[in-house]
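Residue numbers (our numbering), protein chains in the order written: chain B, 2 to 361; chain Z, 3 to 241.
In this text, a Cβ means the ideal position worked out from N, Cα and C, and glycines have one as well.
All figures in this text were calculated on a predicted structure; none of them were measured in a lab.
To keep things clear, I will list the structure first and then write my remarks on it.
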Ligand SMILES: Nc1ncnc2c1ncn2[C@@H]1O[C@H](COP(=O)(O)OP(=O)(O)OP(=O)(O)O)[C@@H](O)[C@H]1O
Ligand SMILES: [Mg+2]
């Protein structure tokens, strides 16, 4: 038909292409950062990277799947505990043990989903939290990894960790600093895979279906989108990624306890804050959100409870006055998209290109 | 050839019986109008046929298959498309993306394979100028058009239209009737719920009247409109 030559579909914008190149350069730079910065800066970066991954997965879950889970600590917890268990009980090297942590979270997600998917809205949220608590109570009974008080990573395991000796030599640092560098690199790989993977997903047909489910479940089903399957996929993928992150976090900490690994505040509340402040339902939002959280944390963490109150208050403030977060405000004003997923229908006339209408 | 048949279908919300032992059949290529007062259970009937709601009793057969327990998505894939009475666009997606979702999922095709069809439908429904506008920013008329366009994108064999002409001006209504007639002429079977009777009667071959969830009359539009039962319901309303 005559239309086929007249129209084309585009997602890229010029800004996004430039941004993409900058991003690649940034990642390359990030690989060499351990040689350039102090150990405490590296630890801060590790915090930012790991929280960013948790936030991206929670955003996938809540912002796209409409699944507002407040039980993500279940997956951080089980991921890190199986990671420790694999090292202590089965003598697995910590680096491959990270993967086992992710798989354990994936396995736990199946029964949790069976239970929680029967619940709607607030009940779903409470259901996931209950599941996390139950998992924590069970794990606290696991005597070989320290029961309720927790345990540390065995000295041997730390020494024999893949790559740590090499790092210690190349960077001329002690074993504990080498562990930080290794953890940082693992976190960097995870961030790249996570953001890359989510961006890829959102640009596929499946991603479009997910956005439709997010906007209107009933309408999505009425045009053939299998919403239930979509939710399963999102829930399982998020659990897997969250479990991996948990394992990497505790690889760096080298010490674990049930209360810390299953902390609602650390692994869900902060993550929720990041996504809400930054802008839910976007890839850019969590990136901004994690920087905001880090800044607030560096400035006010010494104030203890007041710090948490401040976080809560600023979260509520944003929800009231900028419900789509900081990134939402920016896109509303500028139309900027750094990770563009919009499919723009472009009408190409004989003489020049003309766009369908508005929005870029 | 029978396309759709409902047998003794019932549905209740708590104590309220909204669909009460409804049975009817629709032949392939037929256009059926459904009328009835507000709250008669017309939209609910659509929700039962599309699988947005599950029946409490009875069976629904479509194209020779019992679909009573099929999911809404599966029913769409088998050829049942619908529009919603209150437009339900994918608010944060563009108009074009709204159609791409429907066309690619509803027909199980790749995105690239449906671009041309989506463009054609955008042109037919006069939405082409708004292709890249965010659906949430559309006016009511545009939202109604989008409802029709999105339903068409799934390339249904059976199209369910729920009060698509309500609130339109006469000119807009005429254009809409033309579009629907063209769809019908292409062989699509249609069930159309409508209060704007002159628009409805210029398309459908048969009318079905619902009241309190029951089918109280069905048949040729002329006969139905003249039946005493229907006159009682529409008493005082100019038809
Ligand atoms: N989800 C629901 N829960 C409870 N009651 C409902 C629900 N949906 C519809 N109803 C009730 O069922 C009855 C039938 O509603 P329905 O929307 O099917 O009517 P309708 O014939 O489409 O009316 P209208 O002409 O106003 O669109 C109404 O009394 C309505 O209030
Ligand atoms: Mg209705």
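Any non-hydrogen atom of ligand 1 closer than 8 Å to residue i Cβ
i: residue 195 of chain Z; result: yes
i: residue 44 of chain Z; result: yes
i: residue 147 of chain B; result: no
i: residue 11 of chain Z; result: no
i: residue 224 of chain Z; result: no
i: residue 165 of chain Z; result: yes
i: residue 2 of chain Z; result: Outside the shown range of chain Z (3 to 241) lies residue 2 of chain Z, about which nothing can therefore be said.
i: residue 212 of chain Z; result: yes
i: residue 48 of chain B; result: no
i: residue 15 of chain Z; result: yes
i: residue 18 of chain Z; result: yes
Interface partners of residue i on chain B, CB under 7 Å
i: residue 99 of chain Z; result: 209, 344
i: residue 152 of chain Z; result: 224
i: residue 21 of chain Z; result: Under the 7 Å cutoff, chain B gives no residues; its nearest Cβ is about 18 Å from residue 21 of chain Z.
i: residue 190 of chain Z; result: Chain B residues near residue 190 of chain Z: none, gap ~16 Å exceeds 7 Å.
C-beta neighbour in chain B for residue i, strict 9 Å
i: residue 75 of chain Z; result: yes
i: residue 92 of chain Z; result: yes
i: residue 30 of chain Z; result: no
i: residue 106 of chain Z; result: yes
i: residue 65 of chain Z; result: no
i: residue 45 of chain Z; result: no
i: residue 118 of chain Z; result: yes
i: residue 86 of chain Z; result: yes
i: residue 155 of chain Z; result: yes
i: residue 240 of chain Z; result: Only weak support is given to the placement of residue 240 of chain Z: the predicted model assigns it a pLDDT of 48, under 50, and the value that follows is read from those uncertain coordinates. Cβ-Cβ to chain B under 9 Å: no for residue 240 of chain Z.
i: residue 83 of chain Z; result: yes
i: residue 124 of chain Z; result: yes
i: residue 121 of chain Z; result: yes
Residues of its chain near residue i, where Cβ-Cβ distance is below 6 Å and the 5 sequence neighbours each way are ignored
i: residue 87 of chain Z; result: 45, 164, 165
i: residue 38 of chain Z; result: 44, 211, 212, 213
i: residue 85 of chain B; result: 146, 257
i: residue 215 of chain B; result: 65, 67
Beta-carbon proximity list for residue i, same chain, < 7 Å, skipping 5 on both sides
i: residue 81 of chain B; result: 102, 247, 248, 250, 251, 257, 262
i: residue 204 of chain Z; result: 179
i: residue 200 of chain Z; result: none
i: residue 355 of chain B; result: Caution applies to residue 355 of chain B, whose pLDDT of 42 falls short of 50 and renders its modelled position unreliable; the model cannot decide the point.
i: residue 241 of chain Z; result: Only weak support is given to the placement of residue 241 of chain Z: the predicted model assigns it a pLDDT of 48, under 50, and the value that follows is read from those uncertain coordinates. Only 199, 227 meet the Cβ criterion.
i: residue 2 of chain B; result: In this prediction, residue 2 of chain B has a pLDDT of 42, which is less than 50 and means its spatial position is unreliable; what the coordinates show is noted afterwards. The answer is none, since no qualifying residue turns up.
i: residue 308 of chain B; result: 301, 302
Contacts that residue i makes with chain Z (C-beta to C-beta distance below 8 Å)
i: residue 217 of chain B; result: 90, 91, 92, 93
i: residue 222 of chain B; result: 53, 54, 73, 74, 75, 78
i: residue 206 of chain B; result: 106, 107, 112, 113
i: residue 314 of chain B; result: Going along chain Z, no residue has its Cβ under 8 Å from residue 314 of chain B, so there is no contact; the nearest lies around 28 Å.
Contact with chain Z by residue i, beta-carbon distance below 9 Å
i: residue 31 of chain B; result: no
i: residue 5 of chain B; result: Note on residue 5 of chain B: pLDDT 44, under 50, position unreliable in the model; the coordinate value appears next. Chain Z contact via Cβ: present.
i: residue 247 of chain B; result: no
i: residue 277 of chain B; result: no
i: residue 228 of chain B; result: yes
i: residue 8 of chain B; result: yes
i: residue 128 of chain B; result: no
i: residue 352 of chain B; result: Confidence is the limiting factor: at residue 352 of chain B the pLDDT is only 41, short of 50, which leaves the residue's position unreliable and the question unanswerable from this model.
i: residue 50 of chain B; result: no
i: residue 282 of chain B; result: yes
i: residue 114 of chain B; result: no
i: residue 2 of chain B; result: Residue confidence is low: residue 2 of chain B scores 42 on pLDDT, short of 50, so the model does not pin down where it sits. No coordinate-derived value is stated.
Proximity test, residue i beta-carbon vs ligand 2 heavy atom, cut-off 8 Å
i: residue 223 of chain B; result: no
i: residue 149 of chain Z; result: no
i: residue 253 of chain B; result: no
i: residue 121 of chain B; result: no
i: residue 187 of chain Z; result: no
i: residue 90 of chain Z; result: no
i: residue 338 of chain B; result: no
i: residue 87 of chain Z; result: yes
Cross-chain neighbours of residue i in chain Z, by beta carbon under 7 Å
i: residue 13 of chain B; result: Within 7 Å Cβ-Cβ: nothing; residue 13 of chain B doesn't reach chain Z, min ~14 Å.
i: residue 200 of chain B; result: Within 7 Å Cβ-Cβ: nothing; residue 200 of chain B doesn't reach chain Z, min ~16 Å.
i: residue 106 of chain B; result: Chain Z residues near residue 106 of chain B: none, gap ~28 Å exceeds 7 Å.
Chain-order list of residues whose beta-carbon lies under 8 Å from that of residue i (same chain, five-residue window excluded)
i: residue 34 of chain B; result: 43, 46, 185
i: residue 93 of chain Z; result: 136, 137, 138
i: residue 95 of chain B; result: 84, 88, 154, 158, 159, 162, 163, 252
Chain Z contact residues for residue i, given Cβ-Cβ distances below 9 Å
i: residue 262 of chain B; result: By Cβ distance, chain Z contributes nothing, its closest Cβ being about 36 Å from residue 262 of chain B, past 9 Å.
i: residue 212 of chain B; result: 92, 94, 95, 99, 103
Worksheet item: For the segment 334 to 347 of chain B against the segment 24 to 37 of chain Z, are there 3 or more C-beta pairs whose distance is under 8 Å?
Response: No, because fewer than three Cβ pairs between the segment 334 to 347 of chain B and the segment 24 to 37 of chain Z fall closer than 8 Å, the two stretches do not touch.
Discussion item. So, does the segment 103 to 123 of chain Z touch the segment 195 to 210 of chain B, judging by three or more C-beta pairs under 8 Å?
Written reply: The answer is yes - the segment 195 to 210 of chain B touches the segment 103 to 123 of chain Z, with three or more Cβ pairs under 8 Å.
Discussion item. Tell me whether the segment 280 to 292 of chain B and the segment 324 to 331 of chain B touch, counting them as touching only if at least three CB pairs, one residue from each stretch, are closer than 8 Å.
Written reply: The segment 280 to 292 of chain B, when compared against the segment 324 to 331 of chain B, does touch it at the 8 Å Cβ threshold.
Discussion item. Taking 8 Å as the cut-off, does the segment 98 to 112 of chain B touch the segment 217 to 228 of chain B (at least 3 CB pairs, one atom from each stretch)?
Written reply: no
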